[in-house]
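A.B. asks: I'd like to ask you about the structure that follows.
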Amino acid sequence: MKKIIGLVLISILVLGLSSCTKKTAQAVSTDGSTSMEKVIGALGEAFESETGIPVTYNPTGSSSGIKAVSEKRCDIGLASRDLKSTEKEQGLTSTTLAYDGIAIIVHPNNPVSDLDIATVAKIYTGEITNWKDIGGNDSEIVLIGREAGSGTRDGFESITDTAEQCKYRQELTSTGDVITTVSQNPAAIGYASLASVKDTVKALKINGVTPSEATIKDGTYVVQRPFILVTRTGEALSDSAQQFFDYITSAKVNNIITAAGVVSAN
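Those letters in the sequence shown? Residues -27 to -1, 1 to 239, per mature numbering (1 follows the signal peptide of the UniProt record, and there is no 0), in order.
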């Protein structure tokens, strides 16, 4: 009996030691741009399927994601704009993952289909206030945009040279909210990541160019911005985070990035 008990105890001890020495892969945490949800979701799913390492995504907006990585609350920050000089001075580095078009969107029933950048700027700064003045219906233009700190807003206002000048009716906190709001108001105009645009809204041509992967890649569609990965300068990532970083910046995932509606930078 003592011999049997001894063997059982040894077996339990061996199993215990085995479970203690078995390491569980550390999850990779990302935080930031809501516009990057589709591409990061697809890349994270593919990475987890291949490696077994889970990837979490917290859609807080570009500025919040940059702050999160700076404060070491996530592994990799996500931003849909370039880093500002002040952010680089705080010890942050950016790596461009992809390029995304910012679609200027209206209700599908809006007869306007093509605007130039100068006209878009005049609309958002309040110089043009009625659709009839640009070939549309006789109705007041309702300006929809993103909240301060949004990478999409920063990109849009930089390209149209309208920073601090836009007369927004509503400032919304996500790409999805902008699309939904414009889809429900025939007089509304908004802007959103091209990768997220659905057939519930109409993406306008800009300067005669339709927003698409091809026109973003060749540069003819001018309303575009980078999707970047933000890390802490000179500080090593965890093993899991480094694996994920290397994976999503490799050429082998270009098809995944393209399927998400953006243009790979690699």
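The beta-carbon is built from N, C-alpha and C at its ideal position, and this holds for glycine as well.
Please state whether DSSP places N103 in a helix, a strand or coil.
C.D. replies: Within the sequence shown, the letter at position 130 stands for residue 103. Residue state, collapsed to three classes: strand.
A.B. asks: Should N83 be labelled buried (16 or more other beta-carbon atoms within 10 Å of its own) or exposed?
C.D. replies: Here residue 83 is taken as the residue at index 110 of the sequence shown, counted from 1. Classification of N83: buried, given that the 10 Å Cβ count is 16 or more.
A.B. asks: Under 6 angstroms Cβ to Cβ from S123, same chain only, skipping five residues before and after it: list those, please.
C.D. replies: The residue labelled residue 123 in the question sits at position 150 within the sequence shown. Taken in chain order, the residues that qualify are G34.
A.B. asks: List the DSSP bridge partners of A168.
C.D. replies: If you number the sequence shown from 1, residue 168 lands on position 195. Its beta-bridge partners do not exist; DSSP assigns none.
A.B. asks: What separation, rounded to the nearest whole angstrom, lies between the Cα atoms of Y30 and A160?
C.D. replies: Looking up residue 30 in the sequence shown gives position 57. Looking up residue 160 in the sequence shown gives position 187. Y30 and A160: Cα-Cα distance of roughly 34 angstroms.
A.B. asks: Near residue 246, which residues of its chain fall below 6 angstroms by C-beta distance, leaving aside the five closest residues on each side in sequence?
C.D. replies: Outside the displayed range of the chain (-27 to 239) lies residue 246, so it cannot be described from this structure.
A.B. asks: CA-CA distance, G207 and G50?
C.D. replies: One-based indexing of the sequence shown puts residue 207 at position 234. One-based indexing of the sequence shown puts residue 50 at position 77. If I take the Cα positions, the gap works out to 15 angstroms.
A.B. asks: With distances taken Cα to Cα, identify the nearest neighbour of A233 among S8, V1, V182.
C.D. replies: Locating residue 233 in the sequence shown gives position 260, where the first residue counts as 1. The candidate whose alpha carbon is nearest that of A233 is S8.
A.B. asks: Have a look at A168 and I189 and give me their C-alpha separation to the nearest angstrom.
C.D. replies: Reading the sequence shown from its first residue, position 195 is the one you call residue 168. Reading the sequence shown from its first residue, position 216 is the one you call residue 189. Approximately 12 angstroms, taken between the alpha carbons.
A.B. asks: Between which residues of its own chain and T133 is the CB-CB distance below 7 angstroms, once the five residues before and five after are set aside?
C.D. replies: For the purposes of this step, residue 133 is taken as residue 160 along the sequence shown, with counting starting at 1. If we look at T133 and ignore the five residues flanking it on each side, its Cβ neighbours are I90, V93, A94, Y97.
A.B. asks: Please list, in chain order, all residues of the same chain as K11 whose beta carbon is under 7 angstroms from its beta carbon, the five residues on each side excluded.
C.D. replies: Position 38 of the sequence shown holds residue 11. The residues are A168, S169, A233, G234.
A.B. asks: May I ask which residues mark the beginning and end of the beta strand (DSSP E) holding V79?
C.D. replies: For the purposes of this step, residue 79 is taken as the residue at position 106 of the sequence shown. Here the beta strand (DSSP E) through V79 covers 65 to 79.
A.B. asks: Of the choices Y194, T125, D150, D48, whose alpha-carbon is the least far from that of V200?
C.D. replies: Here residue 200 corresponds to residue number 227 of the sequence shown, with the count starting at 1. The sequence shown places Phe at residue 200, rather than the Val named in the question. F200 has its Cα closest to that of T125, out of Y194, T125, D150, D48.
A.B. asks: Could you pull out every residue in the same chain whose Cβ sits closer than 7 angstroms to the Cβ of K171, ignoring the five residues on either side in sequence?
C.D. replies: Along the sequence shown, read from residue 1 onward, the residue named residue 171 stands at position 198. Cβ neighbours of K171 beyond the five flanking positions: I152.
A.B. asks: Under a three-way DSSP split, which group does Q138 fall into?
C.D. replies: Position 165 of the sequence shown, counting from 1, holds the residue named residue 138. Correct three-state label for Q138: coil.
A.B. asks: Please go through the region 13 to 37 and give each complete beta strand (DSSP E) segment of 3 or more residues, from N-terminal end onward.
C.D. replies: Counting whole runs of 3 or more residues, the region 13 to 37 contains the beta strand (DSSP E) stretches 28 to 32.
A.B. asks: Does the beta-carbon of G163 have 16 or more other beta-carbons within 10 angstroms, so that it is buried, or is it exposed?
C.D. replies: Within the sequence shown, numbered from 1, the residue matching residue 163 stands at position 190. Counting Cβ neighbours within 10 Å, G163 comes out buried, since at least 16 surround it.
A.B. asks: Which term fits A197, buried or exposed, when burial requires 16 or more other beta carbons within 10 angstroms of its beta carbon?
C.D. replies: Translated into the one-based positions of the sequence shown, residue 197 becomes position 224. One detail in the question is off: residue 197 reads as Gln in this sequence, not Ala. Its Cβ being crowded by 16 or more others within 10 Å, Q197 is buried.
A.B. asks: To the nearest angstrom, report how far apart T66 and A52 are at their CA atoms.
C.D. replies: As a first step, residue 66 must be located in the sequence shown, where it is residue number 93. As a first step, residue 52 must be located in the sequence shown, where it is residue number 79. Going from the Cα of T66 to the Cα of A52 covers about 12 angstroms.
A.B. asks: Where does I201 sit, in a helix, a strand or coil, going by DSSP?
C.D. replies: As a working mapping, residue 201 is identified with position 228 in the sequence shown. In this structure, I201 counts as strand in the three-state DSSP scheme.
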